[in-house]
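Asker: Below is a structure I'd like to ask you about.
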Amino acid sequence: MRIRLLVSAAAATALVVAALASPASAKPSQPLTPTFVDGLAQPVFSTNPADWYSGEVWVQAPFDSDHDGVPDRIHADFTAPPEVLTQGLKVPVIFEDSPYYAGTADTYSNWGVDHELGSPPATRPRAPFWSAFDTSPVISTVYESTWVPRGFAVVHAESPGTGHSDGCPTSGGTNETLAGKAVIDWLNGRARAYTTRDGSTRAVASWTTGNVGMIGTSYNGTLPEAVATTGVAGLKAIVPISAISDWYDYYRANGMVRAPHSSSNPSGDNNAFQGEDLDVLADVVYSRLDETGARTICQPVIDDIEKHIDRATGNRNSFWQERNYMKDVGKVRAATLLAHGNNDFNVIAKNAAQFYDALKKQHVPHMFYFHQGGHGGAPPDVLINYWFTRYLYGVQNGVERLPRSWVVREAASCPPRQTGVKGDQSNTATLTVADTKPFRIGFSLTVPQTNADGTITTTNRLISKIPDSTHLVLASPVATTAGQKVADGATVSLLCSNANPTPYAEWPDPASSQAGLHLTPGAPTRGGLTFGPSNAGTETLTDDASIAGITSANAASSNVRLIYQTPPLTKAVRISGTPSASLQLAFSASKANVTAALVSYPPTGNGTILTRGWIDPANRVSDWIDAPVKPGKMYRMDVDLQPKDVVVPAGNRLALMLISSDRDFTIRPAPGTQLTLDLTHSSVDIPVVGGRKALADALN
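Residue numbers are given in full-length UniProt numbering: position 692 of the sequence shown equals residue 692, and the series is strictly consecutive.
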């Protein structure tokens with residue numbers, strides 16, 4: 001389901017690695033040792049897979065999740081530089097744990113979502129048998145070409161119930177956490193591993209220092225957070241990308257059954273994950289290769305998941321709480337480089353923000369890379385290299401003194417990071433420039449090249465070294481064709497992109513604070529947002545789940561939504577943090593969906609939904625229990641929207657949109673339920689850099 005994103009992120013990382021440094025010879029003439037330049041691990045070890053030391057093991061886990069009476073064994077492979085054998089070198093480990101290596105079901109059934117609230121289907125069809133990939137003796141080769149030449153080992157492990165591992169998948173259950181912990185315990189000599197799945201020959205990880213860094217995307221990024229919450233010794237650093245910190249916040253929202261989304265641009269009918277739930281995911285990743293016909297060993301476990309997910313109420317319960325890593329976040333000691341997308345509607349950004357906020361409060365080393373894309377997207381390779389070099393090798397490279405937050409800025413809001421070229425230069429990897437202060441090693445420099453005919457073409461090169469205040473060393477030469485040059489006075493720059501995030505002191509921006517706005521009437525078109533409260537009365541919308549949220553947002557007039565907008569901004573405003581809406585609502589029925597969204601409208605054309613939030617009005621007090629709703633009575637509820645870091649340009653309007661059912665994400669009951677909003681006692685809070693004053697200045 002989500003492994004495709006992992007592969008693309010890894011491929012991008014490998015390209016960055018290749019550009020940053022030239023690989024070492026596969027047959028060095030003298031003993032090699034880990035080498036660090038400018039605080040970064042260098043690829044001095046062999047790049048030839050035939051030279052590497054590799055193997056596979058089965059780590060004994062402290063549980064029996066398939067209930068066969070014996071402890072489960074977890075399949076893992078390892079790859080290390082050859083010097084661990086030839087020189088007795090011991091190296092740290094880059095570890096990725098995943099349920100996806102053996103593949104996922106080709107055909108499966110999500111839950112139906114077109115039904116009345118509280119009345120889900122009784123069951124759903126199970127995935128038919130499908131052929132998994134054979135993951136023995138090699139589970140994956142995703143990270144090896146990047147990290148083995150730099151002097152790290154790479155370990156992959158298959159989650160319980162997948163590939164050649166025993167046990168059963170549980171979609172974030174305790175056994176999956178303990179499986180990853182067991183591998184780290186083995187790497188540190190505290191757990192047993194064997195050379196075969198059912199044999200007795202022991203395997204010892206004598207080639208490692210025991211220092212481990214975990215990395216991965218989506219599910220593979222979630223497991224590092226899960227394992228880190230055990231406080232396991234030896235786990236020194238994690239790089240979770242698009243990770244889940246609480247599975248309830250993946251499949252639910254404030255008591256509402258809410259699906260993840262397969263697209264970063266929800267349009268109403270493009271969500272392949274609508275109706276997915278914990279049991280569906282377990283069904284999809286269940287790939288045990290020791291079952292060659294119908295897979296039956298783990299069906300009772302998946303049936304038990306279905307029994308406890310409670311799609312009728314959407315309430316939190318002890319089953320969900322087992323999968324809430326936030327309850328154990330106080331045990332995290334691993335330095336965490338977190339990455340997430342502003343427009344990730346698969347794993348919503350709340351998962352990243354709440355985990356990151358806890359790490360800040362606990363003074364755990366932390367850094368946040370926040371890009372403008374959707375699901376997936378690793379930090380620049382240079383940041384990951386700094387991170388693992390510092391915390392796995394102990395090299396004092398100063399990464400803890402770098403800015404804590406790296407946000408990929410929009411092209412239109414990109415801060416200038418540029419300088420002029422000094423003198424004409426051709427066929428060179430070292431550029432002489434006026435000032436190197438705007439630049440960073442590992443970032444991508446845009447270089448204009450003047451051709452022999454006078455035309456200009458631009459090219460990009462990674463900056464591999466900054467030796468002094470006037471020279472930039474690039475990964476490869478520029479202006480290499482006949483008559484081509486980088487002209488005197490030309491501007492070289494860092495364009496805003498995933499490779500060139502903008503640094504900030506912390507996230508949310510320390511200068512950000514909530515700016516509260518009140519509502520004025522305007523239905524069925526659009527009302528207003530103002531700083532001053534008013535006696536504005538009530539307005540009513542009628543639920544219709546057949547209409548997508550983005551369609552409602554851009555309708556000139558509609559009874560399906562209520563919209564309240566600001567005047568056009570006279571200057572750009574940066575949002576950094578978590579918006580929220582305080583709503584006073586009455587309902588024509590005892591059950592209803594509530595969806596709030598923050599929308600940005602340009603001067604012409606369609607608006608964009610920046611972020612959304614959802615709540616079941618029966619859970620206005622607690623996720624755990626329902627507080628019944630009496631039709632016609634007003635209730636207050638607070639809706640947290642998804643965290644955001646975005647610059648809204650001058651000329652745009654910001655708006656709060658209220659709808660009931662959200663076709664992209666929620667259960668879709670029959671149309672007709674009415675929601676009545678008390679405008680006087682409702683408001684929206686927007687976290688603006690500069691706070692209320694900055695927003696007020698932009699609205700003058």
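Cβ coordinates follow ideal geometry from the N, Cα and C atoms, glycine included.
#1: I'd like the list of long-range same chain contacts for alanine 505, defined as Cβ closer than 8 Å, with 5 residues on each side in sequence excluded.
#2: Relative to the C-alpha of isoleucine 348, which candidate in Leu654, Gly374, Leu585 has its C-alpha closest?
#3: Under 7 Å Cβ to Cβ from alanine 205, same chain only, skipping five residues before and after it: list those, please.
#4: According to DSSP, is isoleucine 302 part of a helix, a strand, or is it coil?
#5: Between glycine 605 and chain C, is any beta-carbon pair separated by less than 9 Å?
#6: List the whole-angstrom C-beta distance separating threonine 680 from asparagine 535, where the pair is believed to meet the contact cut-off of C-beta under 8 Å.
#7: Which residues does DSSP list as the beta-bridge partners of threonine 336?
#8: Quick check: does the Cβ of phenylalanine 665 come within less than 8 Å of any heavy atom belonging to the ligand MG?
#9: Starting from lysine 633, follow the beta strand (DSSP E) in both directions and report where the run begins and ends.
#10: State the start and end residues of the unbroken beta strand (DSSP E) segment that holds valine 573.
#11: So, with DSSP's three-state summary, where would you put threonine 551?
#12: Is the beta carbon of valine 183 closer than 9 Å to that of threonine 79?
#13: Here's a check: name, in chain order, each residue in its chain whose Cβ is nearer than 8 Å to the Cβ of alanine 294, leaving out the five neighbours to either side.
#14: Please name the residue, chosen from Ala233, Ser267, Leu278, Asn254, that lies closest to tyrosine 219 on a Cα-to-Cα basis.
#15: Counting Cβ pairs closer than 8 Å, one from the segment 260 to 270 and one from the segment 366 to 383, do we hit at least three?
#16: Comparing C-alpha positions only, which one of Arg561, Tyr635, Val629, Asn254 sits nearest to serine 660?
#17: Looking at glutamate 158: is its Cβ nearer than 9 Å to the Cβ of threonine 141?
#18: With a CB to CB cut of under 8 Å and the five nearest residues on each side skipped, what residues in its chain are close to serine 119?
#19: What are the boundary residues of the alpha helix (DSSP H) that threonine 389 is part of?
#20: Is the Cβ-Cβ distance between valine 70 and aspartate 64 less than 9 Å?
#21: Assuming proline 501 and glutamate 116 form a contact by the criterion Cβ under 8 Å, report the distance between their Cβ atoms to the nearest whole angstrom.
#22: Could you work out which residue in Ile74, Val44, Met637, Lys644 is closest to leucine 598 when comparing CA atoms only?
#23: Determine which residues share a DSSP beta bridge with proline 687 and list them.
#24: Give the DSSP-derived three-state secondary structure of alanine 21 in the structure shown.
#25: Distance check for glycine 88 and isoleucine 309, CA to CA, integer angstroms please.
#26: For phenylalanine 36, name the three-state secondary structure that DSSP assigns.
#27: Can you say whether serine 622 is buried or exposed, counting buried as having 16 or more other CB atoms within 10 angstroms of its CB?
#28: Is it buried or exposed, proline 121, if we count other Cβ atoms within 10 angstroms and call 16 or more buried?
#29: Could you tell me the boundaries of the alpha helix (DSSP H) in which tryptophan 320 lies?
#30: Check the C-beta distance from threonine 336 over to isoleucine 238 and give it rounded, since I have them as a contact under 8 Å.
#31: Drop a sphere of 10 angstroms on the beta-carbon of alanine 10, count the other beta-carbons inside from all chains shown, and report buried for 16 or more, exposed for fewer.
#32: How many Å lie between alanine 153 and aspartate 638 at the Cα?
#33: Go ahead and label glutamine 30 buried or exposed: buried means 16 or more other beta carbons lie within 10 angstroms of its beta carbon, across all protein chains shown.
#34: Whole angstroms is fine: what's the gap from serine 200's alpha carbon to tyrosine 194's?
#35: Could you tell me the boundaries of the alpha helix (DSSP H) in which glutamate 410 lies?
#36: Restricting to Cα atoms, I'd like to know which of Ser476, Phe345, Thr35 is closest to arginine 612.
Answerer: Result, derived from the coordinates:
#1: Pro403, Arg404, Ser405
#2: Gly374
#3: Trp186, Leu187
#4: helix
#5: Included in the structure is just one protein chain, with no chain C present.
#6: 6 Å
#7: Ile238, His366
#8: With respect to small molecules bound, the structure shown includes none, and the ligand MG cannot be examined in it.
#9: Run containing lysine 633: none; DSSP gives neither H nor E here.
#10: 573 to 577
#11: helix
#12: no
#13: Phe129
#14: Leu278
#15: yes
#16: Arg561
#17: no
#18: Ala312
#19: 381 to 392
#20: yes
#21: No, proline 501 and glutamate 116 are not in contact; Cβ-Cβ is about 45 Å, not under 8 Å.
#22: Lys644
#23: Gln514
#24: In this prediction, alanine 21 scores a pLDDT of 37, lower than 50, which makes its location untrustworthy; the coordinate-derived value is nonetheless stated afterwards. Looking at alanine 21 - three-state DSSP - the assignment turns out to be coil, as it is neither helix nor strand.
#25: 50 Å
#26: strand
#27: exposed
#28: exposed
#29: 318 to 322
#30: 5 Å
#31: Since pLDDT at alanine 10 reaches only 37, below the 50 mark, its modelled position is unreliable, and the value read off the structure follows with that caveat. It counts as buried.
#32: 48 Å
#33: exposed
#34: 6 Å
#35: It is not in any alpha helix (DSSP H) - glutamate 410 carries neither H nor E in the DSSP assignment.
#36: Phe345
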